[in-house]
Each structure stands twice: as structure tokens, then as C-alpha cells.
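As numbered in the working numbering, residues 296 to 1047 make up the sequence shown, in order. We treat Cβ as the ideally placed atom computed from N, Cα and C, and that holds for glycine.
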Amino acid sequence: MIKAEDTDNNFKYLNNGYRHLTVQVYGNDIAVISLNGPDKENVLNEEIAEELHQVMDALNVDKRIIGVVIASAKVASFVAGADIRMLEKTNSSKAVQLSRYCQDEFKNIEGFRCPVVAAIMGNCMGGGLELILSCSYRICLDTDTTVFSVPEVKLGLLPAGGGTQRLPKKIFLPKALDMLMTGRTITAKTAYDIGLVEKILDPVQNENGEVNYEESLKFLRTIAIITARRIALKTLSVKNWYSTWINVQNYFASTWLVWNYVIKTAIMREVEKIGVQNMPAPHSIIKSVEAALFGKSEIGYKVESEEFGYLIETKESKALIGLFHGITKCKKQRFGKPANIRSICVIGTSDAALACACKVATKEFVTTVVVDSDCARQTALDYVENYFDYLNKKQKKYDPSAPKKEHINVSIDDASISSADFILIALELNAVDEAYKRTLEHVEELANEKATILIHLFGRSLNSIVKIAKHPSRILGVCYGLPYKSTKYAEIVKHDSTDSQAIANAAFILWRQKTYILLTTDNEKTPGYYLVHCVLSILQTTSEGLLNGSIRSAQDMDNLTKRAGFIGKIASLCDLIGLDAIYKICDRYNVNGIITKLLEELVLNGRTGSKHKKGFYLYDDYGHKVNDDPVFKYCVSKAQQTILKKFSQVPNVSVTFITIRTPTSTEWDVEPAAKLVVNIVNTALRCYENGIITEPEDGDVGCVFGVGFPPAYGGPFRYISQRKEDIIPIASGNKQLCLLFQKQLNEAKKFY
């Protein structure tokens, strides 16, 4: 490795007591600014911006400096974006000023008298990406921690430091729009391929092949210093053939016809797929980009600032920022210190069992999947192979800390149970209770007394299953979101005698799976499982449409959730869960009416879910949905006839947990999509009221990532706190509101 020279003592004046950065000068001519905020990650706030401004002013005056390098002192974070706390305190007029200030500072860097090279290692997001766009040249290190994105749209905002102006000119316009409109994260390799960075370096590795992050950072800084000097001495050009080709492509892409009829149409379709087309931020981004393409430069920057000022005070932005805080909370280890877990044993070949095993298959754990036959073993091995093929395509970068298939052992021998510190029992969700009990008894016979046992369930009575256990305090349930491969949702379900150490151990394993963790309660008096309540609430809302004929297909069910702004589709979700698994819990949750009858008819016709290619939807051999489906219509018709016959004898039906509307109920005459939102908010508040969940943030994160509640509302608890005036006229006719919902409507007290 080329070593940089030591800092010259003549430049000590540059380190003027800065808290967020340090400055070193190498070879008497190249200044290296190392960003190093007090937090774990570097964030752009007023303090670091002011310090960077002072340093750049000082370097501008000192003519001995012929080049500048901007780097980070942190190996995992270049700049993670703007300080969220700062944004929360900002009103519209201040936001416009803040945007203009950032734009001016980045323009100063862009027009600096000598080359400024960005040396990027770690996350480069939001304001960090805007910072490197203003530099003359960009070098990044190809590590698992180096990623790029402009995630402001996920907070209901836009990049306001010139991001909507520079990014579409730096890379191919459609790719820039995709990043701006979706907040999608890209790897270092992708950033190089699309021209976002000019050079990519391989990291320094130890003898065992693992990345040495500290040495890699030194190497990156050295190459950046050499590069800055070469640019200053004109032995390296900042322009290349690829940047010229990008300019040619963007020239044609930004013509009025291509922009309006091809590019804008395509990106709005992509935005619609992720369910944010009705939020203001994507439209503000389009407006700012259009100003950059078809107006003068200053007009584009002005539009960007004004749109940022508008967005900062929208309900959507405040809700999404609140949801961000909830996510931050739910992905932390917050349930106590776990025991020393080294060995994990997974019982079963369900998708949940195998996905869990794959996610914890790191060198930190000895992970064993125990199966009962050679056929089951082959099924497990095939799943593991397919999972890691999927993971490798998704990661696109070798990560030594990531799960690896070589860390999984699939065995017919159950001897590994006795040495396991943590055991997951994950049978198929439609398995009978006796199967869970038999498996639990067998596991307890072999397991050591200190091992934590986690059982994957969907709405089953946990207390009933653990009654047969010798050590029930170490046993608890888990309810994963779907699909299991990619879910962020994991709900720990405790019963009456669950031990706090067992909760801490389970939370640790789920944390290692990178999920957002909720802790919920299940007992015989009040059935728990927050995800189950949310799913059943949505199904309940479809009952009226099934009865009156407005819902005639699975697509109609999914369209209802789409109209309500959900990013999840209820029919598709239920097919993943399994219709037979949902049908089995209907009695426990007092669900009756047309939904129960429809599930019964579908299950009787062999339609149990997507795993068997038949559920609410029909699926072809490739997993694609088949539109023409006479069997579903037949099942709906038969369920209608049964319920109408029953209603003719009993005019009104009301139940404890889930309310089923009758065809004669007209007192709540509200559009179905609005009903859906109110019903699920009511369900979430009832779960909080009954102690199933204990914190509003958990309820918000769980509802968004469990069933796809509209993210722009921030979750059901933030929705009722923020939009009470919108809810009152919609909910006033609903006679089934829980007491907490009624209090929220009638009192000034809010959750947030």
C-alpha cells in the first residue's frame, strides 16, 4: 500500500477545535477533511455544515493547497443523511432557508478553485450523496457497508441540497428518477456501473480473506490523495467517455416527448407498485426534476427549495418520520441481555423453519435443521440452495458476516437438540394442536433445561400448547410476517408464565434476522397475536362486499386494500399464510359470517393457499396468478346463500373481537376503502386496550410491515392522533368502536 506523508505542522491552524471533523494536509498540498460526528453515523446538521464551511473557506484562502479530499473517519458511515431531529424542528420557511443554504454550500464545493475528491466508504445517503455529487471526482470502496441512496422520499421529502438537480445530470435520467422516487439503495458496484462514482477499489483483506476495514479506509484515503494531486496537475481528467455517453443519452431522454410519454409514465408505474403514488413527495420530485430539465438552473434550485418547504409540513412527512422512529426502536435489542447462544436447532421443514435457519446461518452459530425423513432432508436442502441463490442475487456483494449455506447442517438425527441453546419449532401453520404438543414433548425430553424454545404459530392458543410442558417459562411463540424470506415483521408472543430471559433470548435471535420486533401477549381470555387481529380485521371489511356482490374475485379484495392506500394485498397475503390455517382459528377469534363460510368452501375445494397453487387465487406453475376463476365465484355464491339464509332467521349478528356486518345494516354508510382504514385502526386500538400490544410505536410498525397499512398515515395510532378531524365523519356511524377509539375521538389526548 502507498503510504501518505505525515501532516505538515504549518497547517495546524486548520484544526480549530472542530467537533465533527478533522483536517490533515499531506505533502504540503492536499488537504484531507475527515468527517467524524459524535454519533455512530455521520449525519448532516447545522454544526457539521458550519464547520465544513469554515474549513473550505480557510482552504480556499491558502494557495498552498492544490487539492481537497473529503472522507469519513468511520468505516461504516460516510454520511448517513440529514439529522432527522433537525428536520422535525423545522417549519416551512426555515426548511426553504435550510435548503438554500445547503445548495449554496454544495455549489461552493462544486465551484471550488481546486479539485475536491470524495473518498466514500460506508453508507452514503441523502445529504451525503448530494455532497459527493458536488465534488469533482468520486472514489468508493467496494465493501458490504458501502451503499448509496436518496431515501428522502421514504420520509415524505425530497433531497433539497441540489439532489434533484445534479443526480439526473450525473447518471442516466431513468436511473436517477428511480433512485429519487423509490429511495432504492444501490451497492458500490452498481454505483460504479451507472457512473455515479468514477473509481471503485477492492478492500484490503486479512490472511483469512476477511475485510480489514481500518486498513481499507487508510488505503482509500491514500488513493484519494494521489487522485486529487493528479487531477490538480492535469495528469488525470475528471471527464471520461462514459460521462460523455451519459450526457448524450440524457439529451434525448430529456426531450419533451420522451420525458412525458415514456420516462415519466414508466417511473409513475414503478411508484404505483410500491404504493406511494398518492403521496405528495413523488410529485414534488417530478416537478423539481422537470424544472432542472426544461428551465434555467436557478429556477430548478428554487423549485426544489420551495417544494422541500411545502413537504416538510405535510401530514405524510410527519407520519413517515414518526414511523422511522418506530422502526428504529423496533429493530433494537430492547428486551434485555440474552444468554450466550452458540447452537441453534430448527425443527420442521416449513418455509418459516427453513427461512429462519438460513437467516441465522452465520459463523457465530452452529445451526442444525432436524427433519424426520430422507425426503424431508432433500426438501430442506433444496430450500437452502434456492434461498442462498436468492440472497446472493440480492446482495450482489460478498459479505463475510452474512449467512452462508455452509453454516447449515440438515440432519435426520435429533441428537443436536440436546446441545442446542435455542430451539425453534416451526411446523406447517395448518398443523393440528396435537402435532405441536407431540413435537414439544419430544423436544423437551432431549433439550437441556436452559434452552429457550420458540414455537412458530398463527393465532393458536399458546397457553393450551405449553400446558403439557415441563418448563413452560422458557417457551414462547413467534408469529412471522410474510413472505418469510424477506419479511421485516417478527412478533414475540408470550403467555402467562413466560420468563424474561426467554424473551431476551428470542429477541436476540430475531434481531440477528434483521427484523422489527414486537412483544405481544396471548391468553385464553383475550386471544393475542397482533398480526392475526389485523389480518382478520381486513377480511371482515371485505364481508359486506362479498355479500352485496361488489367483490366477486380475489383481485377485487386486493383492489379494496389498494384503494385504501395499503401497500399489502389481503388476498395475496392470506394465500401465503394458508387459508386452512386462517380457517382453523376462526372459532377462537369468534369470526363467523360470510368470511368463515367462504374459507370453509375454499378449503373443502382444496384451495388452501399459494403453496398448493390454489387459494383465493389460482396460480400457474411459475407462481403467477390466473385471472379466470369460476371456482372462486362458485364458493362466494354458496357462502352468500348460506349466510343470507342464516340472516333471514337471525337479523343481527355481533361478536366480541371481529364484527360481521349484516346485509340490512345501513347505519354506517361509508365508502368501503374508508371503512377498511377505520376498522383496522379500531382493531389496533382494541389490541392496545386489551394489553395484546403495550406501545403505540409497536402497533404502528407492526400494522405497516405486517399487513401493509398505508405508510403515509404512519400507522393506526399516529393516524388517529394526526387525522382526527378526517376520521370523525367516517367513524361516527360505526357502533362497534372500542372504548379507546371513542375516547380518542372525544378527548384532546393523543398518542403522539
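Problem - Sequence-distant residues of the same chain with beta carbon closer than 8 Å to Leu735, five excluded per side - result: Ile720, Ile748, Ile750, Ile760, Val761, Ile763, Ala764, Ile770
Exercise for the section: Report the rounded CA-to-CA distance for Ser431 versus Phe407, giving the unit in angstroms. Expected result: 9 Å
Exercise for the section: Tell whether a beta-carbon distance below 7 Å holds between Val478 and Pro446. Expected result: The sequence as given places Gly at residue 478; Val does not occur at that position. The answer is yes: Cβ separation under 7 Å.
Practice task
Have a look at Ile636 and Tyr508 and give me their C-alpha separation to the nearest angstrom.
Solution key: 27 Å
Practice task
Helix, strand or coil for Arg807, going by three-state DSSP, please let me know.
Solution key: helix
Practice task
Decide if the region 460-467 is in contact with the region 628-635; the criterion is three or more beta carbon pairs, one per stretch, under 8 Å apart.
Solution key: no
Exercise for the section: Quick one: using the 10 Å Cβ neighbour count with 16 as the cut-off for buried, is Arg395 buried or exposed? Expected result: buried
Exercise for the section: Find out if the Cβ-Cβ distance for the pair Gly1009, Leu618 is shorter than 7 Å. Expected result: yes
Practice task
Go to Lys789, then tell me how far its beta strand (DSSP E) extends in each direction, as first and last residue.
Solution key: 784-789
Exercise for the section: State yes or no: is the C-beta of Thr438 within less than 7 Å of the C-beta of Pro498? Expected result: yes
Problem - Contact set for Lys908: own chain, Cβ-Cβ below 6 Å, skip 5 residues either direction - result: Tyr914
Problem - 7 Å CB neighbourhood of Ser960 in its chain, flanking five on each side removed - result: Unreliable placement is indicated for Ser960, whose pLDDT of 42 sits below 50; the coordinate value is still reported in the next sentence. Counting only Cβ-Cβ distances below 7 Å, and skipping sequence neighbours, we find nothing.
Practice task
Taking only the alpha-carbon atoms, compute the straight-line gap between Gln1039 and Gln460 and give it to the nearest angstrom.
Solution key: 43 Å
Practice task
Could you check how far apart the C-beta atoms of Leu874 and Thr903 are, in whole angstroms? I think they sit under 8 Å.
Solution key: 5 Å
Exercise for the section: Check whether the Cβ atoms of Ile718 and Ala746 sit closer than 7 Å, and answer yes or no. Expected result: yes
Handout entry: Beta-carbon contacts of Val945 that lie in its chain and below 8 Å, excluding the five residues immediately before and after
Key = Note that Val945 scores a pLDDT of 46, beneath 50, so its modelled location is shaky and nothing firm can be said.
Exercise for the section: Identify whether Val327 lies in helix, strand or coil by the three-state DSSP scheme. Expected result: strand
Practice task
Identify, in the order they occur along the chain, each residue of the same chain with its Cβ nearer than 8 Å to the Cβ of Arg525, setting aside the five sequence neighbours on each side.
Solution key: Leu531
Exercise for the section: Reducing DSSP to helix, strand and coil, say where Gln319 ends up. Expected result: strand
Problem - Between the CA atoms of Ile520 and Tyr321 - distance to the nearest angstrom - result: 8 Å
Exercise for the section: Count the C-beta pairs between the region 838-849 and the region 926-938 that are closer than 8 Å, then say yes if the count reaches three, no if not. Expected result: yes
Handout entry: Burial state of Gly621, where buried means 16 or more other Cβ atoms lie within 10 Å
Key = buried
Handout entry: Nearest-angstrom Cβ-Cβ length linking Glu425 and Gly456, presumed shorter than 8 Å
Key = 4 Å
Exercise for the section: On a CA-only basis, which of Ser905, Val976, Ala483 is nearest Ile1025? Give me that one, please. Expected result: Val976
Practice task
Assign Ile862 to one of three DSSP states: helix, strand, or coil.
Solution key: coil
Handout entry: Rounded C-alpha distance that separates Thr522 from Asn337
Key = 24 Å
Problem - Buried or exposed (CB count within 10 angstroms, at least 16 for buried), Ala527 - result: buried
Practice task
List the endpoints of the continuous beta strand (DSSP E) containing Thr663.
Solution key: 661-665
Problem - Whole-angstrom distance between Ser583 and Ser592, CA atom to CA atom - result: 11 Å
Exercise for the section: Check each candidate in Lys920, Tyr784, Val921, Phe927 and name the one with the smallest Cα separation from Leu899. Expected result: Phe927
Practice task
With a cut-off of 8 Å on the beta carbons, I'd call Ile580 and Met476 a contact; round off their distance for me.
Solution key: 6 Å
Exercise for the section: Compute the Euclidean distance between the alpha carbons of Ala548 and Glu895, then round it to the nearest angstrom. Expected result: 54 Å
Practice task
Out of Ile1023, Thr550, Ala1007, Asn704, point me to the one whose CA is closest to Val965's CA.
Solution key: Ile1023
Problem - Start-to-end residues for the alpha helix (DSSP H) that takes in Ser388 - result: 387-405
Exercise for the section: Enumerate in chain order the residues of its own chain whose CB-to-CB distance from Val533 is below 8 Å, with the five nearest sequence positions on each side excluded. Expected result: Pro410, Ser431, Tyr432, Glu493, Ile526
Handout entry: Proximity below 7 Å, CB of Thr318 to CB of Val350
Key = It should be noted that the sequence gives Val, not Thr, for residue 318. Against a cut-off of 7 Å, the Cβ pair of Val350 and Val318 comes out as a contact.
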